[in-house]
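Each remark here refers to the structure printed beneath this line.
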Amino acid sequence: MTSRAIGEATRALINDSHTQPTSYYKARAAMINDEGTTHLSAIDGQGNVVAVTSTIHKYFGNKVKGRRTGIVFNNEMNDFSVPHSPSLTYGFPVSPANAIRPGKRPMSSMSPAIVWDENQKKTRMVTGAAGGSRIPSVVAKNIIDVLWLNRSLSESVDLARLHHHLVPPSVELEKGFSKEIEEGLKAKGHEVELLTAKTVIQAIDVVGIEEIVGTADFRKGGKPMGF
Numbered sequence: 000m001t002s003r004a005i006g007e008a009t010r011a012l013i014n015d016s017h018t019q020p021t022s023y024y025k026a027r028a029a030m031i032n033d034e035g036t037t038h039l040s041a042i043d044g045q046g047n048v049v050a051v052t053s054t055i056h057k058y059f060g061n062k063v064k065g066r067r068t069g070i071v072f073n074n075e076m077n078d079f080s081v082p083h084s085p086s087l088t089y090g091f092p093v094s095p096a097n098a099i100r101p102g103k104r105p106m107s108s109m110s111p112a113i114v115w116d117e118n119q120k121k122t123r124m125v126t127g128a129a130g131g132s133r134i135p136s137v138v139a140k141n142i143i144d145v146l147w148l149n150r151s152l153s154e155s156v157d158l159a160r161l162h163h164h165l166v167p168p169s170v171e172l173e174k175g176f177s178k179e180i181e182e183g184l185k186a187k188g189h190e191v192e193l194l195t196a197k198t199v200i201q202a203i204d205v206v207g208i209e210e211i212v213g214t215a216d217f218r219k220g221g222k223p224m225g226f
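According to numbering that gives the first Met the number 0, the sequence shown is numbered sequentially starting from 0.
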């Protein structure tokens, strides 16, 4: 994923005037959706930072709790691709790279991120999200908004979001996009659907030497804290 060659090859598939069928983008497998996730971003006075995303996978995990601790156990094994179960991936083939193996961890959408400013030698952003398979797109958009588009952290978090899963081949738009944008996407060949699933960001922007801005996503409630 960090290969520049893969990034350039993926970029070459993008056409600003129209979209293509799924097969054009060389997708070979789909990702299983999940829930039950939470994210925390933290920074202290010495500049130490933490971005941690945790999950029990589905709501209430495997619906069993420890008799001694009361902790709800996860059902994270369900993140593996199960052979001959295309119903879990919209009828698309499961991923061979995500097959169950001894001692192996399943692939995950969780994307806790710490952005390091190499010039200033300090942390620039701490971010991450809950929201299943839509996490990577919302975290990427948050970073792009702040670092490339010069939006404030709160503006980035509050803006309406979109997501494309590739499989199924449709763009999901959150409420808040104009009809003009929706029709423009349709004109380029996109199928457009309403995004109803929540993606929830918790992020920190280190604006200057002494200015730290924290934002909690209004979609789930809560507020940033500092002391």
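We put the beta carbon where it would ideally sit given N, CA and C, even for glycine.
Through-space distance from residue j to residue i, alpha-carbon basis
i, j, result
"K140", "L194", "16 Å"
"N14", "S53", "36 Å"
"D204", "H83", "44 Å"
"G213", "P223", "6 Å"
"G60", "M76", "10 Å"
"D116", "T122", "6 Å"
"G207", "L161", "30 Å"
"K64", "D157", "36 Å"
"K103", "V71", "22 Å"
"Y23", "A8", "13 Å"
"L12", "H163", "15 Å"
"T21", "Q119", "41 Å"
"M192", "N73", "Checking the sequence shown, residue 192 turns out to be Glu, not Met. Roughly 31 Å between the two C-alpha positions."
"E209", "K62", "45 Å"
"K25", "V166", "11 Å"
"Q45", "G221", "25 Å"
"T68", "A129", "25 Å"
"A186", "P101", "47 Å"
"L184", "W147", "23 Å"
"M219", "R150", "Reading the sequence as shown, one finds Lys at residue 219 and not Met. Rounded to whole angstroms, K219 to R150 spans 21 Å at the Cα level."
CB of residue i within 9 Å of CB of residue j, strictly
i, j, result
"P111", "G127", "yes"
"K174", "A196", "no"
"I134", "T36", "yes"
"S107", "V93", "no"
"S136", "D144", "no"
"I227", "V138", "The structure shown does not extend to residue 227, since the chain is modelled only from 0 to 226, so the question has no answer here."
"V125", "A215", "no"
Nearest-angstrom Cβ-Cβ length linking residue i and residue j, presumed shorter than 8 Å
i, j, result
"E190", "S169", "4 Å"
"G188", "H17", "5 Å"
"P95", "D78", "Rounded, the Cβ-Cβ distance is 15 Å, inconsistent with contact."
Exposure of residue i, with buried meaning 16 or more beta-carbon neighbours within 10 Å
i, result
"V51", "exposed"
"N47", "exposed"
"H56", "buried"
"R66", "exposed"
"R10", "exposed"
"A98", "exposed"
"T198", "buried"
"S86", "Bear in mind that a pLDDT of 48 at S86, under 50, signals an unreliable position, so the model cannot answer this."
"E179", "exposed"
"E171", "buried"
"F152", "Note on identity: in this sequence residue 152 is Leu, with Phe being the wrong assignment. Answer is buried; the Cβ neighbour count reaches 16."
Just checking, does the region 102-116 make contact with the region 40-52 on the three C-beta pairs under 8 Å criterion?
The answer is yes - the region 40-52 touches the region 102-116, with three or more Cβ pairs under 8 Å.
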